[in-house]
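Heads up, the thing below is written out as structure tokens.
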Amino acid sequence: MPRGSIFDMSTAPHILSALPQRGDRPNRHKEQWTQMTDATQQTPRRVRTAIFPVAGLGTRFLPATKSTPKELLPVLDQPLIQFAIDEARAAGIERMVFVSHPSKSAIERYVTEDAALESTLRDKGKDTLADMLHDNALCDGERQVAFVMQPEPLGLGHAVLCAADEALPGPVAVILPDDLILGEPGCIAEMIAAYDGGKAGHMVATMQVDEDAVSNYGILSVTGRDGPLILADGMVEKPDPADAPSRQAVVGRYVLDASIFDDLRGLPAGAGGEIQLTDAIAKGAQSVGMCGFRFSGARYDCGSKAGMLQATIAYAGQRPEFRATLADLAPKPVAAE
1 MPRGSIFDMS TAPHILSALP QRGDRPNRHK EQWTQMTDAT QQTPRRVRTA IFPVAGLGTR
61 FLPATKSTPK ELLPVLDQPL IQFAIDEARA AGIERMVFVS HPSKSAIERY VTEDAALEST
121 LRDKGKDTLA DMLHDNALCD GERQVAFVMQ PEPLGLGHAV LCAADEALPG PVAVILPDDL
181 ILGEPGCIAE MIAAYDGGKA GHMVATMQVD EDAVSNYGIL SVTGRDGPLI LADGMVEKPD
241 PADAPSRQAV VGRYVLDASI FDDLRGLPAG AGGEIQLTDA IAKGAQSVGM CGFRFSGARY
301 DCGSKAGMLQ ATIAYAGQRP EFRATLADLA PKPVAAE
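Mapping the sequence shown onto full-length UniProt numbering, position 51 (from 1) lands on 51, and the numbers just tick up by one.
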């Protein structure tokens, strides 16, 4: 989507014509919640499927990602993808769909049980490691797992659309492993619990960012709040700070009504031939509504080197065995001469 474009009356009247107009602002919050609730209660609300878009080539981490998928890079001793899987598990997700690339078969090997390796570890008396690998694996009947390929990088919307035939009926969660969110309960579990209240068909995770950072994110056009829920009538994609309607930035967690797939199919390709997920979310706003969710955890942009470093330090700080090491690395005060 072009920088600074907004899903609002001025640029997308066909999307938002069903929403109350700005002149109605005194009662807008109540009216719009009612509209969104009525629309979304017509369809089942149970979120059973999580989609993991993992087809990106990770060019910002070359040369490390020449042979190792970005999602398998470790945050301390745990691959990024494992954090995302654990978050989905804790949220009660039944089916996990990984949208990958033909060159990234290592991801499928990682999530698949390796009985031979487990046996070798047990023969060497390393039962703890064998148990960990077994618990991490997704092929033991605990969850339904599917892999679909996205041969070309045609946008996040296209990646989600690739998973359509594998998704179970009902709304779906989308988890971007690049966005590591540490905290209990997990972000997607918090969102699903809020989503069950029937306030909106499309829910996006948001966090407040500094004014000088809004140009790096999609930003919500906020019209009201209800606890952690943020009512919105649109989004601005990477606006200039002076044009940003708020500082509520969208990050990599979504809970989306099943209609998202039909809306994605009907979208024309944008710049670079990409299909944007935000376009489809905005398109569905008139029928199922949309809102943001302020999650409680700490988010780290592990698609950047600085974010990966910050995540590693934060995760190490949660592990008692590394606290002494971190303390040793902390800057020491210099005595005055």
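Just so you know, even glycine gets a beta-carbon here, dropped at the ideal spot from N, CA and C.
Classification of residue i by the beta-carbon crowding that lies within 10 angstroms, buried from 16 upward
i, result
"Ser67", "exposed"
"Ala324", "exposed"
"Arg299", "buried"
"Ala330", "exposed"
"Leu76", "exposed"
"Lys124", "exposed"
"Glu118", "buried"
"Gln276", "buried"
"Asp240", "exposed"
"Pro333", "exposed"
"Glu53", "One point to set straight first is that residue 53 is Pro, not Glu, in the sequence displayed. Buried is the call here."
"Pro102", "exposed"
"Glu166", "buried"
"Gln150", "buried"
"Arg122", "exposed"
"Asp127", "exposed"
"Glu152", "exposed"
"Thr59", "exposed"
Reduced DSSP category for residue i - H, G, I as helix; E, B as strand; rest coil
i, result
"Cys187", "helix"
"Ile107", "helix"
"Leu80", "helix"
"Phe52", "strand"
"Thr68", "coil"
"Asp328", "helix"
"Ile219", "strand"
"residue 340", "The chain is shown from 1 up to 337; residue 340 falls before or after that span and cannot be answered."
"Val214", "helix"
"Val288", "helix"
"Phe61", "helix"
"Ala194", "helix"
"Pro333", "coil"
"Ala280", "helix"
"Ala91", "coil"
The alpha helix (DSSP H) enclosing residue i, as first and last residue numbers
i, result
"Arg45", "Careful: Arg45 lies outside any alpha helix (DSSP H) and carries neither H nor E."
Residue interval of the beta strand (DSSP E) (run including residue i)
i, result
"Ala311", "Not the beta strand (DSSP E): Ala311 falls in the alpha helix (DSSP H), residues 305-317."
"Asp301", "298-301"
"Arg95", "95-100"
"Val204", "202-208"
Any non-hydrogen atom of the ligand FMN within 8 Å of residue i CB
i, result
"Glu94", "Within the structure as shown, the ligand FMN is missing, as the structure has no ligands at all."
Run through the stretch 222-277 for me and flag every whole alpha helix (DSSP H) of 4 or more residues, listed as ranges in chain order.
260-265
Taking 8 Å as the threshold, find out whether the stretch 204-220 comes into contact with the stretch 122-134 through three or more Cβ pairs.
no
Should the stretch 45-53 be regarded as contacting the stretch 186-195, the criterion being three or more beta carbon pairs within less than 8 Å?
yes
Can you list, in chain order, the stretches of the alpha helix (DSSP H) that have 4 or more residues and sit fully within the stretch 104-181?
105-111, 115-123, 127-136, 156-162
Three or more C-beta pairs below 8 Å linking the stretch 261-279 and the stretch 175-191
no
Do the stretch 180-191 and the stretch 291-307 touch if we need at least three Cβ pairs shorter than 8 Å?
yes
Quick one: any contact between the stretch 77-91 and the stretch 199-210, if contact means 3 or more CB pairs under 8 Å?
no
How do the stretch 215-233 and the stretch 245-261 stand: do at least 3 beta-carbon pairs fall below 8 Å, yes or no?
yes
Three-pair Cβ contact test at 8 Å for the stretch 103-114 versus the stretch 154-174
no
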